[in-house]
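Asks: In my numbering, the protein residues as written are 22 to 905. No residue lacks a Cβ here, since even glycine has one placed at the ideal position from N, Cα and C. Before we start, here is the structure in question, set down as structure tokens.
Below, the structure written as structure tokens:
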């Protein structure tokens with residue numbers, strides 16, 4: 022027994038660390054059995070059409086629907102209804118290739134299991150691998166065994182325009198509500214969960230063993246633990262999961278694209294980029310990853326694309342209508358450098374994202390280690406703040422708060438060293454330079470933390486060496502200058518005007534000819550009226566009869582000067598259609614109103630569609646007349662029959678594209694389109710032919726992007742400005758009081774990480790309480806801890822506490838001035854905004870009469886507890902994601 026006791030005493034740290042790691046693994050195994058393994062059947066579904074406004078007639082002879090998708094197919098879901106009693110019997114599904122008729126899969130289900138009004142999925146007997154461009158035909162055939170009958174939900178008007186729906190053999194103007202299952206998570210979920218759990222337990226073992234052995238300095242331990250746990254946070258909360266990370270990613274990628282453009286052989290230079298525009302490489306996109314709502318399939322998508330390469334050149338770039346965060350690039354230099362390295366190495370989107378995150382994490386870990394290394398006291402406070410879940414979540418992301426927190430922590434530690442370390446002696450040059458650099462970079466990063474940066478002014482004159490007043494004045498001027506320069510200088514303009522002008526200029530002979538055409542055919546003429554008798558005469562002169570002249574017979578309501586009228590004219594004049602679904606007309610009309618497509622681009626997709634360019638359905642004369650009716654609202658050939666021959670001769674000489682340009686670029690067209698509320702725009706010279714389905718997809722994408730970005734309503738523009746606050750003091754006070762009453766819980770949880778991602782991942786209150794207890798423990802001074810005179814005392818204690826409170830007040834004030842006056846609580850305030858001043862506040866508020874018995878032992882106990890809590894938090898996060 023004595024030998025065993027001796028062995029334990031000799032290897033006490035390793036034994037305790039192994040026990041702690043083993044406990045973590047046992048807990049993870051139990052959670053895997055109870056919560057993870059049962060979720061292996063989780064599936065990922067996509068709604069091809071989610072409109073079931075109408076229910077069909079009772080299904081007697083079956084239902085068919087064509088659709089297309091590039092995804093794999095495992096199951097197909099429909100929204101059924103009932104007519105009379107609950108139907109009984111078998112429902113057979115057949116999935117075939119719509120073009121070849123080959124049967125790809127079948128399924129049979131019991132109608133008694135159908136719940137009306139909800140999606141009911143029928144699993145396919147064989148998985149169908151996705152093929153680009155493949156069209157499918159799904160058939161449902163009921164075999165009733167009772168009186169009840171099925172109905173099926175569909176849209177009012179077709180939403181999949183080129184696909185057809187039939188019920189009982191009759192065509193229906195609608196599209197079935199279709200939900201397709203494209204993948205299941207399977208064994209990946211268990212592998213991912215257990216891999217993260219084992220990695221976290223191993224990291225906890227190493228951290229606890231090192232902390233209890235006291236052979237590794239605390240700052241080195243903090244660097245390793247921040248890096249290790251940060252990588253695990255990066256795995257369980259992938260890119261786009263951090264608060265507003267998509268905007269930070271946009272800014273980092275745009276900056277990297279600009280650097281790449283500087284080294285490009287292209288003549289075009291990017292210049293300044295407006296805040297509502299971003300740049301990425303052409304293939305830097307992943308819809309599942311960019312969804313922002315982390316699920317188990319996000320984990321799978323990230324791991325499957327971890328080692329991918331990009332087909333794009335390092336200087337490749339595409340312009341995107343996606344917002345960046347702001348115009349200050351300072352806090353994005355490091356993450357942009359990681360992204361740029363990914364560009365140079367030709368890495369895929371996912372590894373490039375992870376490189377950018379890793380760059381931020383490395384910098385934060387280094388700055389946190391500097392803070393702990395140089396702080397004369399309060400090292401445990403800085404270590405605890407650096408290892409909070411919220412801190413690690415932000416540090417392992419593209420968020421600018423990653424660098425900001427590192428700068429704030431490092432500045433706090435260095436400033437305490439400058440004030441209290443080596444009293445009476447001038448600072449060493451590296452310390453002085455590091456302190457000044459951190460402060461100068463911190464000040465313009467977020468101006469609300471200026472009071473923290475101002476603590477440099479508290480450094481005793483003797484510590485600054487010669488001319489201390491001049492050095493403090495230079496520091497203050499540098500901070501203020503950068504505040505005004507960096508917060509409005511970068512990414513504020515548009516693309517270089519030279520490049521825009523070069524793109525707009527056209528010197529081709531075709532354009533000159535088109536302008537001639539426009540001058541001749543768009544000469545002064547009366548505004549549109551109903552077709553006059555001479556129109557019929559002119560038709561006779563050209564060899565056509567009025568009965569065959571469909572353009573002269575265009576319905577009168579198609580001449581309406583509205584987006585709907587323009588769309589109807591295009592369908593009628595080019596495709597000779599009057600049976601266009603109202604939903605299709607409404608789609609393009611809305612796109613024209615919202616500027617997602619222009620009159621020229623939409624017309625190009627009609628007049629120069631792939632089908633038209635392969636085998637045109639319009640004669641030269643019909644083309645001229647159709648284009649004139651669409652863009653000028655009048656028939657130019659029939660108005661001036663004497664000039665028809667000359668016009669046709671010119672048309673044969675310069676071609677359809679030039680004539681098309683001449684009409685849509687004319688002043689008359691501009692006036693007509695302005696009256697109709699449409700942008701004339703320009704055609705895309707690189708897209709002949711132009712497929713309208715591609716244009717529709719671009720419109721949908723533009724709408725999706727716009728839906729994720731905030732647009733200020735008129736009532737939101739009236740906010741609590743300083744002038745409004747001074748004249749409405751009672752309303753402002755009530756706003757703050759209501760905010761304290763309603764959002765204190767969320768702020769307290771958000772400060773330490775009880776609310777992660779977009780406040781959508783919640784930790785249990787037990788973890789939140791444990792984290793606050795650890796912060797309180799870290800704030801208690803210990804015997805023999807540090808080499809300074811801590812804790813803070815006297816005027817330094819008061820001034821540091823005031824600086825922390827001023828930062829908190831400025832954060833709150835910044836949120837208040839953005840708050841619309843009709844809001845009940847302050848807009849956008851989150852607890853994480855107070856993290857940069859948390860160490861300073863804890864040190865300033867620490868009790869002076871209580872001291873823990875030993876500094877090294879307290880450090881070991883704190884690190885041990887933090888490691889165990891981090892393992893628990895990571896397991897909690899994964900369970901919360903799995904539950905989605």
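Among 88, 126 and 848, whose alpha-carbon lies nearest the alpha-carbon of residue 158?
Replies: Against the chain shown, residue 158 aligns to sequence position 137. Minimum Cα distance to residue 158 is reached at 88.
Asks: Taking all protein chains shown into account, decide if residue 634 is buried (16 or more other Cβ within 10 angstroms of its Cβ) or exposed.
Replies: Residue 634 sits at position 613 when you count from the first residue of the chain shown. Residue 634 comes out exposed.
Asks: Per DSSP, which residues does residue 118 bridge with? Please list them.
Replies: Within the chain shown, numbered from 1, the residue matching residue 118 stands at position 97. BP columns for residue 118 point to 157.
Asks: Relative to the C-alpha of residue 76, which residue among 53, 100 and 256 is closest?
Replies: Here residue 76 refers to the residue found at position 55 when the chain shown is read from its first residue. Among 53, 100 and 256, the Cα nearest to that of residue 76 is on 100.
Asks: CA-CA distance, residue 357 and residue 693?
Replies: Your numbering for residue 357 matches position 336 in the chain shown. Your numbering for residue 693 matches position 672 in the chain shown. Their backbone Cα atoms lie some 46 angstroms apart in a straight line.
Asks: Using the DSSP secondary-structure output, state which residues sit across from residue 113 in a beta bridge.
Replies: Here residue 113 corresponds to residue number 92 of the chain shown, with the count starting at 1. According to DSSP, which records beta bridges pairwise, residue 113 is partnered with 129 and 162.
Asks: Look up residue 123 in the DSSP assignment and say whether it is helix, strand or coil.
Replies: Counting from one through the chain shown, the residue named residue 123 turns up at place 102. The answer is coil: DSSP assigns residue 123 none of H, G, I, E or B.
Asks: Taking 8 angstroms as the cut-off, does the region 864-882 touch the region 790-803 (at least 3 CB pairs, one atom from each stretch)?
Replies: A contact exists between the region 790-803 and the region 864-882.
Asks: Looking at C-alpha atoms only, which residue of 104, 828, 864 and 116 is the closest neighbour of residue 404?
Replies: Here the question's residue 404 lines up with position 383 in the chain shown. Measuring from the Cα of residue 404, the nearest candidate turns out to be 864.
Asks: May I have the straight-line CA-CA distance separating residue 604 from residue 180, to the nearest angstrom?
Replies: By 1-based counting over the chain shown, the position of residue 604 is 583. By 1-based counting over the chain shown, the position of residue 180 is 159. About 7 angstroms.
Asks: Please work out which residues of its chain come closer than 6 angstroms, Cβ to Cβ, to residue 619, disregarding the five sequence neighbours upstream and downstream, and give them in chain order.
Replies: By 1-based counting over the chain shown, the position of residue 619 is 598. The residues are 700 and 702.
Asks: Just reading off the alpha helix (DSSP H) that residue 409 is part of, what are its end residues?
Replies: As a working mapping, residue 409 is identified with position 388 in the chain shown. First-last for residue 409: undefined, no H or E at that position.
Asks: Using only alpha-carbon positions, find the residue among 602, 784 and 271 that is nearest to residue 194.
Replies: Here residue 194 refers to the residue found at position 173 when the chain shown is read from its first residue. Nearest of 602, 784 and 271 to residue 194, Cα basis: 602.
Asks: Whole angstroms is fine: what's the gap from residue 903's alpha carbon to residue 233's?
Replies: Here residue 903 is taken as the residue at index 882 of the chain shown, counted from 1. Here residue 233 is taken as the residue at index 212 of the chain shown, counted from 1. Taking the straight line joining both Cα atoms gives about 35 angstroms.
Asks: Based on Cα-Cα distance, which residue from 166, 251 and 798 lies nearest to residue 111?
Replies: Position 90 of the chain shown, counted from the first residue, corresponds to residue 111. For residue 111, the nearest C-alpha among the options comes from 166.
Asks: Note the first and the last residue of the continuous beta strand (DSSP E) segment covering residue 173.
Replies: Against the chain shown, residue 173 aligns to sequence position 152. Run containing residue 173: 170-175, per the beta strand (DSSP E) assignment.
Asks: Please classify residue 301: does DSSP put it in a helix, a strand, or coil?
Replies: Within the chain shown, residue 301 is the residue found at index 280, counting from 1. Strand.
Asks: In its own chain, which residues sit with a C-beta less than 7 angstroms from the C-beta of residue 759, not counting the 5 before and 5 after it?
Replies: For the purposes of this step, residue 759 is taken as residue 738 along the chain shown, with counting starting at 1. Around residue 759: 845 and 846.
Asks: Roughly how many angstroms separate the alpha carbons of residue 85 and residue 98, rounded to a whole number?
Replies: Locating residue 85 in the chain shown gives position 64, counting from the first residue. Locating residue 98 in the chain shown gives position 77, counting from the first residue. Cα-Cα distance, rounded: 14 angstroms.
Asks: For residue 714 and residue 670, what's the separation of their Cα atoms in angstroms?
Replies: Stepping through the chain shown from its first residue, residue 714 is reached at position 693. Stepping through the chain shown from its first residue, residue 670 is reached at position 649. Answer to the nearest angstrom: the Cα atoms are 34 angstroms apart.
Asks: Cβ-heavy atom distance between residue 244 and the ligand COA below 8 angstroms?
Replies: This structure does not include the ligand COA; it has no bound ligands of any sort.
Asks: Between 364, 898, 837 and 627, which has its C-alpha nearest residue 469's C-alpha?
Replies: The residue labelled residue 469 in the question sits at position 448 within the chain shown. It is 837.
Asks: Would you check if the distance between the CB atom of residue 853 and the CB atom of residue 769 is smaller than 9 angstroms?
Replies: By 1-based counting over the chain shown, the position of residue 853 is 832. By 1-based counting over the chain shown, the position of residue 769 is 748. Contact: no.
Asks: How would you label residue 816, buried or exposed, when you count the other beta carbons within 10 angstroms and need 16 or more for buried?
Replies: Indexing the chain shown from 1 puts residue 816 at position 795. Result: exposed.
Asks: If you follow the beta strand (DSSP E) that residue 321 is part of, which residue opens it and which one closes it?
Replies: Walking along the chain shown from the start, residue 321 turns up at place 300. That residue, residue 321, is in no beta strand (DSSP E); its alpha helix (DSSP H) goes 317-325.
Asks: DSSP on residue 227, reduced to helix/strand/coil?
Replies: Numbered from 1 along the chain shown, position 206 holds the residue referred to as residue 227. Helix at residue 227.
Asks: Of all the alpha helix (DSSP H) runs that stay within the bounds of the region 224-291, which reach a length of 4 or more residues?
Replies: If we require 4 residues or more, the alpha helix (DSSP H) runs fully inside the region 224-291 come out as 239-257 and 266-283.
Asks: Starting from residue 70, trace the alpha helix (DSSP H) both ways and give me its first and last residue.
Replies: In the chain shown, the residue the question calls residue 70 occupies position 49. That residue, residue 70, is in no alpha helix (DSSP H); its beta strand (DSSP E) goes 64-70.
Asks: Would you decide whether residue 260 is buried or exposed? Buried here means 16 or more other CB atoms lie within 10 Å of its CB.
Replies: By one-based count along the chain shown, residue 260 stands at place 239. It counts as buried.
Asks: Within the same chain, show all residues whose beta-carbon is closer than 8 angstroms to that of residue 211, passing over the 5 residues directly before and after it, in chain order.
Replies: On the chain shown, residue 211 is found 190 positions in, with the first residue counted as 1. Correct list, in chain order: 53, 57, 58 and 61.
Asks: Between 104, 178, 93 and 186, which has its C-alpha nearest residue 201's C-alpha?
Replies: Residue 201 sits at position 180 when you count from the first residue of the chain shown. Residue 201 has its Cα closest to that of 93, out of 104, 178, 93 and 186.
Asks: With 16 other CB atoms within 10 Å as the buried threshold, where does residue 297 fall?
Replies: The residue given as residue 297 occupies position 276 in the chain shown. Exposed is the call here.
Asks: If you count every other CB in all the chains shown that lies within 10 Å of the CB of residue 236, and 16 or more means buried, which is it?
Replies: For the purposes of this step, residue 236 is taken as the residue at position 215 of the chain shown. Exposed.
Asks: Compare the Cα-Cα distances from residue 412 to each of 246, 686 and 659 and report the closest residue.
Replies: The residue labelled residue 412 in the question sits at position 391 within the chain shown. When each option's Cα is compared against that of residue 412, the closest is 246.
Asks: For residue 37, which residues from the same chain have a beta carbon less than 7 angstroms from its beta carbon, with the 5 sequence-adjacent residues on both sides left out?
Replies: In the chain shown, residue 37 corresponds to position 16, counting from 1. Counting only Cβ-Cβ distances below 7 angstroms, and skipping sequence neighbours, we find 229 and 233.
Asks: Around the Cβ of residue 427, are there at least 16 other Cβ atoms within 10 angstroms (buried) or fewer (exposed)?
Replies: In the chain shown, residue 427 corresponds to position 406, counting from 1. Residue 427 should be labelled buried.
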